[in-house]
Amino acid sequence: MTPGVGVAAPGGSVRQVSDLRRTPLHSRHADAGARFGPFAGWDMPLHYGSPTGEHMAVRERAGLFDVSHMGQIEVDGAGARGFLAHALANDIDEIGPGQGQYTLLLADDGGVIDDLIVYALIDRFLLVVNASNIAACAERLRELRDRGEGDVRVNDRSDEIAMVALQGPVWKSVLSPHVATPQPLTLEYFQITEDMVGRVPALVARTGYTGEAGVELMCPWDDVPGVWDALVGSGAAPAGLVARDTLRTEACYPLYGQELGRDRGPIEAGLRWAVDLDGARFAGAERCVRDAADGTPERLCAFALDEPGIPRPGLRVLHDGDAVGAVTSGTLSPVLGHGIGLAYVRSDLASAGTPLQIDIRGKIKNAHVAKRPLVDTSGTKE
Amino acid sequence: MAEGHYPEDLKYHREHDWVRVEGDEAVFGITWYAQDALGEVVYFDAPDIDAAVEGDAPYAELESVKAVSDVYAPLTGTVVALNDAVKESPGLVNSDPYGDGWLLRVRMSDQSQLDGLMDAAAYTAYLDGLS
Chain A
1 MTPGVGVAAP
11 GGSVRQVSDL
21 RRTPLHSRHA
31 DAGARFGPFA
41 GWDMPLHYGS
51 PTGEHMAVRE
61 RAGLFDVSHM
71 GQIEVDGAGA
81 RGFLAHALAN
91 DIDEIGPGQG
101 QYTLLLADDG
111 GVIDDLIVYA
121 LIDRFLLVVN
131 ASNIAACAER
141 LRELRDRGEG
151 DVRVNDRSDE
161 IAMVALQGPV
171 WKSVLSPHVA
181 TPQPLTLEYF
191 QITEDMVGRV
201 PALVARTGYT
211 GEAGVELMCP
221 WDDVPGVWDA
231 LVGSGAAPAG
241 LVARDTLRTE
251 ACYPLYGQEL
261 GRDRGPIEAG
271 LRWAVDLDGA
281 RFAGAERCVR
291 DAADGTPERL
301 CAFALDEPGI
311 PRPGLRVLHD
321 GDAVGAVTSG
331 TLSPVLGHGI
341 GLAYVRSDLA
351 SAGTPLQIDI
361 RGKIKNAHVA
371 KRPLVDTSGT
381 KE
Chain B
383 MAEGHYPEDL
393 KYHREHDWVR
403 VEGDEAVFGI
413 TWYAQDALGE
423 VVYFDAPDID
433 AAVEGDAPYA
443 ELESVKAVSD
453 VYAPLTGTVV
463 ALNDAVKESP
473 GLVNSDPYGD
483 GWLLRVRMSD
493 QSQLDGLMDA
503 AAYTAYLDGL
513 S
């Protein structure tokens, strides 16, 4: 038996375990039976025995993810909002204090440096970025700041802020015994508030990466075990990175390094909705405007297999026998029970219903372009 | 997770497959070590009945949510039966690797190949050397 395809581990695939960083929850994970793996330089829990069990716990009840490896970059100063209007692709003026927004940080050529959520707080903005891109984001933000004028500070606070994601339809009943006020329970999708979780001051945001309703909680680094214990104690199931990946694939959320990268623009990735094409005042806008007008050679699509098999990243996508693209994410959907995935394909083949074939190590499997999301996530915003 | 166990009545291949000899037929499966390394199995891509399998060569794939593993044939032979229960419920490979999680039954071509396999003690020592 020879393991062939491993968990995607940007920046971490060949590191020695001793070089990997640990979150304050590492011993909690070990006690819960976690299998660890390298991810972006961190030793993270991949699963606790049954990735599909964790996946279903999130879809049906509530799961808890340690995402302390993710980055938090604060931007403040009198010029912060004006600066972010130029630095980020979505329209920052659509959000006020207490609101968050999915957005993108682009290179000058329009390639994606990271996808992120920006929150407007009372006195500052908080950018939550992918673990593998913290340094690149901070560097790009400082570069853009130094090009402009005005009072803007960029502070990488990733080492001080821990984060967990409580996701699933019963998230409120898991959280409610521990919060000081009802505020976190009444948040609307993408809103954020500050509260206490037990004795720990925390930012609570109605966001997540699973397609389920839930919250993400950020707190001081060393205090996060108290938050974890409280939420596990009231019924949340620890869930690992494998379940996080299968959940976001069902929900058709892109993952940096797979669907997104410096060589891809937002338009071909299907993220036109997260790009302010009307204002077009952000760095990298030129390519977005051009791609939106002229189209792109390839587009990201979701697909479902019509026969048994599991698609994997990197596999060829065919149409009438011709190679027309490549799989970027693929798995067996625990909810649907068949193979699903995301793929970049020739743009004229990216609409729902188009027949495709996936070349699974020489076996040609029938598939079709499917509507997004692959699994109904209409409960996300509840 | 429970500790690994390696029944005395089986023969073992270095790619972590086991063989149970029954007359001129042999039953194949993967060892506790293999299922533990692979994790929760969700898909068994099996060969067809009457297919030829060749000793030391891959004959099937087992997949977890995040990984694909080739399954090696410990012996050369012809497939006479498949475990349909594992196709339906691949997790049987994890919960009962030497029992309900068997993979296929072959008619052996060359019983002398059994001499090249390990017994439980040799396989356990081999595993110790891997860690």
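Chain order of the listed sequences is A and B.
All letters in the first sequence, in the order written, are residues 1 to 382 by the numbering used here.
All letters in the second sequence, in the order written, are residues 383 to 513 by the numbering used here.
All residues carry an ideal CB built from backbone N, CA and C; glycine is no exception.
What you are looking at is a predicted structure, and each value in this text was computed from that prediction instead of being measured.
Discussion item. Extract the residue ranges of the alpha helix (DSSP H) inside the segment 20 to 91 of chain A, only unbroken runs of 4 or more that lie entirely within it.
Written reply: 26 to 31, 51 to 60, 80 to 87
Item to complete: Look at the alpha carbon of A230(A) and the alpha carbon of M218(A), and state the distance between them as a whole number of angstroms.
Response: Along the first sequence, one-based indexing puts residue 230(A) at 230. Along the first sequence, one-based indexing puts residue 218(A) at 218. When rounded, the distance between both Cα atoms is 14 angstroms.
Fill in: beta strand (DSSP E) runs wholly inside the segment 84 to 168 of chain A, at least 3 long, in chain order
Counting only runs of 3 or more residues that sit fully inside the segment 84 to 168 of chain A, the beta strand (DSSP E) segments are 99 to 106, 112 to 120, 125 to 129, 153 to 156, 161 to 167, in chain order.
Worksheet item: In the DSSP assignment, what residue or residues form a beta bridge with F410(B)?
Response: Position 28 of the second sequence, counted from the first residue, corresponds to residue 410(B). Note: F410(B) sits in a beta bridge opposite V401(B), L486(B).
Discussion item. Please list, in chain order, the chain B residues whose beta carbon lies closer than 8 angstroms to that of I310(A).
Written reply: Start at 1 with the first residue of the first sequence, and residue 310(A) comes out as number 310. Residues of chain B passing the Cβ test: V424, Y425, E445, V450.
Worksheet item: From the beta carbon of G421(B), is the nearest beta carbon of chain A less than 8 angstroms away?
Response: Taking the second sequence and counting its residues from 1, one reaches residue 421(B) at position 39. For G421(B), the answer is yes, since a Cβ of chain A falls inside 8 angstroms of its Cβ.
Practice prompt. Return the CA-CA distance between P10(A) and A40(A), expressed in angstroms with no decimal places.
Written response: For the purposes of this step, residue 10(A) is identified with residue 10 of the first sequence, where counting begins at 1. For the purposes of this step, residue 40(A) is identified with residue 40 of the first sequence, where counting begins at 1. Per-residue confidence for P10(A) stands at a pLDDT of 38, beneath the threshold of 50, marking its modelled position as unreliable; the derived number appears in the next sentence. Those two C-alpha atoms are separated by around 5 angstroms.
Discussion item. List, in chain order, every chain B residue whose beta-carbon is nearer than 8 angstroms to that of R35(A).
Written reply: Position 35 of the first sequence, counting from 1, holds the residue named residue 35(A). Those within 8 angstroms of R35(A) in chain B are G421.
Worksheet entry | Cβ-based burial, P38(A) [other Cβ within 10 Å; buried from 16] | In the first sequence, counting from the first residue as 1, residue 38(A) sits at position 38. By the 10 Å Cβ count, P38(A) comes out buried.
Discussion item. Rounded to the nearest angstrom, what separates Q167(A) and V403(B) at their Cα positions?
Written reply: Stepping through the first sequence from its first residue, residue 167(A) is reached at position 167. Stepping through the second sequence from its first residue, residue 403(B) is reached at position 21. The alpha-carbon atoms of Q167(A) and V403(B) are separated by roughly 49 angstroms.
Discussion item. Are the CB atoms of L356(A) and V112(A) within a distance shorter than 8 angstroms?
Written reply: Residue 112(A) sits at position 112 when you count from the first residue of the first sequence. Residue 356(A) sits at position 356 when you count from the first residue of the first sequence. No.
Item to complete: Go ahead and label E298(A) buried or exposed: buried means 16 or more other beta carbons lie within 10 angstroms of its beta carbon, across all protein chains shown.
Response: The residue labelled residue 298(A) in the question sits at position 298 within the first sequence. The residue is buried, with at least 16 neighbouring Cβ atoms inside 10 Å.
Worksheet item: Using 8 angstroms as the Cβ pair cut-off and three pairs as the minimum, do the segment 52 to 65 of chain A and the segment 233 to 241 of chain A touch?
Response: yes
Worksheet item: What residue range is occupied by the uninterrupted alpha helix (DSSP H) comprising G226(A)?
Response: Locating residue 226(A) in the first sequence gives position 226, counting from the first residue. That run of the alpha helix (DSSP H) goes 224 to 233.
Practice prompt. Inspect the beta-carbon positions of G330(A) and R312(A) and report whether they are closer than 8 angstroms.
Written response: As a working note, residue 330(A) is residue 330 in the first sequence. As a working note, residue 312(A) is residue 312 in the first sequence. Yes, Cβ-Cβ distance for G330(A) and R312(A) is below 8 angstroms.
Worksheet entry | Where S513(B) sits in the DSSP three-state scheme | In the second sequence, residue 513(B) corresponds to position 131, counting from 1. S513(B): coil per DSSP, three-state reduction.
Discussion item. On the DSSP letters alone, give me the boundaries of the alpha helix (DSSP H) that R244(A) sits inside.
Written reply: Position 244 of the first sequence, counting from 1, holds the residue named residue 244(A). Start and end: 241 to 251.
Worksheet item: Between A433(B) and the rest of its own chain, which residues show a CB-CB distance below 8 angstroms, the 5 nearest in sequence each way excluded?
Response: Start at 1 with the first residue of the second sequence, and residue 433(B) comes out as number 51. The answer, listed in chain order, is Y441, T460, V461.
Worksheet entry | Neighbourhood of T458(B) by C-beta, 8 angstroms cutoff - its chain only, sequence neighbours within 5 removed | Residue numbering aside, residue 458(B) sits at position 76 when the second sequence is read from its first letter. Only A434, V435, E436, G437, M490, S491, D492, Q495 meet the Cβ criterion.
Worksheet item: If you check the beta carbons only, do A131(A) and H47(A) fall under 8 angstroms apart?
Response: Sequence index remark: in the first sequence, residue 131(A) carries index 131 (1-based). Sequence index remark: in the first sequence, residue 47(A) carries index 47 (1-based). It is not a contact, given that the beta carbons lie outside the stated cut-off.
Worksheet item: Does the beta-carbon distance from A370(A) to A326(A) come in below 8 angstroms?
Response: Residue numbering aside, residue 370(A) sits at position 370 when the first sequence is read from its first letter. Residue numbering aside, residue 326(A) sits at position 326 when the first sequence is read from its first letter. Cβ distance not < 8 angstroms, so A370(A) and A326(A) don't count as in contact.
Worksheet item: In chain order, what residues of the same chain lie with their CB nearer than 8 angstroms to the CB of T23(A), ignoring the 5 residues before and after it?
Response: Taking the first residue of the first sequence as position 1, residue 23(A) is located at position 23. W42, M44, D66, S68, H69, A162, V224.
Worksheet item: From C252(A) to A302(A), what does the alpha carbon distance come to, in whole angstroms?
Response: As a first step, residue 252(A) is located in the first sequence; it is residue number 252 there, counting from the start. As a first step, residue 302(A) is located in the first sequence; it is residue number 302 there, counting from the start. The alpha-carbon atoms of C252(A) and A302(A) are separated by roughly 7 angstroms.
Discussion item. Let me confirm a value: V7(A) is counted as buried when at least 16 other C-beta atoms fall within 10 Å, else exposed. Which label applies?
Written reply: In the first sequence, counting from the first residue as 1, residue 7(A) sits at position 7. Unreliable positioning characterises V7(A) in this predicted model, as indicated by a pLDDT of 40, which lies under 50. A coordinate reading is not provided.
Discussion item. If I follow the unbroken alpha helix (DSSP H) through K469(B), where does it start and stop?
Written reply: Here residue 469(B) refers to the residue found at position 87 when the second sequence is read from its first residue. Run containing K469(B): 466 to 470, per the alpha helix (DSSP H) assignment.
Fill in: Cα-Cα separation, R145(A) to D19(A)
The residue given as residue 145(A) occupies position 145 in the first sequence. The residue given as residue 19(A) occupies position 19 in the first sequence. Going by the C-alpha atoms only, they are around 32 angstroms apart.
Worksheet item: Anyone know if the C-beta pair for V128(A) and L175(A) falls short of 8 angstroms?
Response: Taking the first residue of the first sequence as position 1, residue 128(A) is located at position 128. Taking the first residue of the first sequence as position 1, residue 175(A) is located at position 175. No, these two residues do not count as a Cβ contact at 8 angstroms.
Worksheet item: Quick one, which of G270(A), G63(A), R248(A) has its alpha-carbon nearest P169(A)'s?
Response: Position 169 of the first sequence, counting from 1, holds the residue named residue 169(A). Of G270(A), G63(A), R248(A), the residue nearest in Cα terms is G63(A).
Worksheet item: Do you know offhand how far S513(B)'s Cα is from T506(B)'s?
Response: As a position in the second sequence, residue 513(B) is number 131, starting the count at 1. As a position in the second sequence, residue 506(B) is number 124, starting the count at 1. Spanning the two alpha carbons is a distance of roughly 11 angstroms.
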